[in-house]
Amino acid sequence: MMKNPAQLLFNAVLLIAVAVLYFLHFRQPVATAPVAAAAPIEAPALDAPAADTAASTPATTAAAEAPAPAVAAAPAGPAPAAGAIVYVEMAKLVEGYQGAKDARRSFEAKAKGWQSQNQALETSFRSAVEQYQKTAASLTPEQRAAAEQKLQEQQQRSGVEQQKIQAQAQEADARLTQQVLESVSKKMEAYGKSHGYKLILTATPSGAVAYGQTGLNVTAPVLSYLNAEYRRK
810 MMKNPAQLLF NAVLLIAVAV LYFLHFRQPV ATAPVAAAAP IEAPALDAPA ADTAASTPAT
870 TAAAEAPAPA VAAAPAGPAP AAGAIVYVEM AKLVEGYQGA KDARRSFEAK AKGWQSQNQA
930 LETSFRSAVE QYQKTAASLT PEQRAAAEQK LQEQQQRSGV EQQKIQAQAQ EADARLTQQV
990 LESVSKKMEA YGKSHGYKLI LTATPSGAVA YGQTGLNVTA PVLSYLNAEY RRK
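Residue 810 is where the sequence shown starts when you use our numbering, and the numbers rise one by one after that.
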C-alpha cells in the first residue's frame, strides 16, 4: 500500500537532517562544522487540487521512498567495546522512532486542515466563475466589467490566503522537525557517552557508510534506547 504523501515528505526531510546531525565525537574533542539547519518540507502546491498537493514534490518523495543503501556486512563479532566507532542505519532509525511517528501524525493532521482551507478557496472561486459564465450573456458591458473586476479581486484575496496557508505549513514542519532532531540528538549523545563510543556514523541513502561490520551496527539497540527514553518523557 502506498504511504501517505505527507508522511513521505516528512520522512525525507527528517532523514536528511538527521544524517547531518549525528556525526558525534564522544571521547575526545574535535573540530566540528556547524550543524546544517533542517530544511523545511515544501508546502502543498496551493494552486492545485488539495488531493494532489503533496505529490507536487516528486524529488522529495522519491528521496523518502528510496531505500537506504545496503551496508556490506562482515560476519558478526562481539558487541562494540568502549572506544569503538559504530554506525546506525538512519532510515530504520527514523522510521522506527516513536517520536518521529508522533510528529508525522501531528503534521498530517494539520495538513488535512490546510488542504481543506485551500480546497474551500478554490471551490468558492470556481463557483463564482461558473456563475459569471452563466449570466455573462445577459449582462451589459458595464455589468460584465464590474463582475470581472469582482472576480479578479476575489482571486487576489484567495492568493493572499493561500500564501498564509503555505507559510503555516512551512513553519509547522520546521518546528516539528527541529523538535524531533533535538530529541534524538540528546538521546544519541547520552547513548554514545554511556557506551564510551568515539564516533557514531550514519548509513544513509547518500552513502555516508559504504561498509561496516555487522557487530558495529548499533541501530537496533539505539532505536530501543530512543523509544524507551521517549516513553519516559
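Ideal Cβ positions, reconstructed from N, Cα and C, are used throughout, including at glycine. Values in this document were obtained by computation on a predicted structure and should not be read as measured data.
Item, Value
"Pick from Val1018, Gln988, Tyr1034, Pro1014 that is closest to Ser915, judged by C-alpha positions", "Gln988"
"Coil, strand or helix - Tyr941 by DSSP", "helix"
"8 angstroms Cβ cutoff met for Leu902 and Thr986", "no"
"Exposure label - Pro889; buried when at least 16 CB within 10 Å", "buried"
"Helix, strand or coil at Leu1008 [DSSP, three-state]", "strand"
"Reduced DSSP category for Val969 - H, G, I as helix; E, B as strand; rest coil", "helix"
"Distance between beta carbons of Tyr1034 and Lys995, contact taken as under 8 angstroms", "Incorrect: roughly 12 angstroms between the Cβ atoms, too far for contact."
"Exposure of Arg913, with buried meaning 16 or more beta-carbon neighbours within 10 Å", "buried"
"Cβ contact (3+ pairs, closer than 8 angstroms) linking the region 996–1014 and the region 892–907", "yes"
"Other residues of its chain near Ala999: CB distance less than 6 angstroms, five sequence neighbours each side excluded", "none"
"Where Gln924 falls, given that 16 or more other Cβ within 10 Å makes a residue buried", "buried"
"Beta-bridge partners of Val895, as assigned by DSSP", "Ile1009"
"Inter-residue Cα distance where the pair is Gly968 and Glu939", "19 angstroms"
"Whole-angstrom distance between Ala937 and Lys973, CA atom to CA atom", "22 angstroms"
"Boundaries of the alpha helix (DSSP H) in which Tyr1039 is found, first to last residue", "1028–1040"
"Spatial neighbours of Ile825 in its chain, beta-carbon cut-off 6 angstroms, leaving aside the 5 residues before and after", "Caution is warranted here: a pLDDT of 47 is assigned to Ile825, below 50, making its placement in the model unreliable, and the coordinate value is therefore given only provisionally. Counting only Cβ-Cβ distances below 6 angstroms, and skipping sequence neighbours, we find nothing."
"Backbone secondary structure at Thr949 - three-state DSSP", "coil"
"Min CB distance Gln971 to chain B below 8 angstroms", "In the structure shown, chain B cannot be found, because there is only a single protein chain."
"Cβ-Cβ distance between Leu930 and Glu970 below 8 angstroms", "yes"
"Where Gly908 falls, given that 16 or more other Cβ within 10 Å makes a residue buried", "buried"
"Span separating the alpha-carbon of Glu904 from that of Gln965", "41 angstroms"
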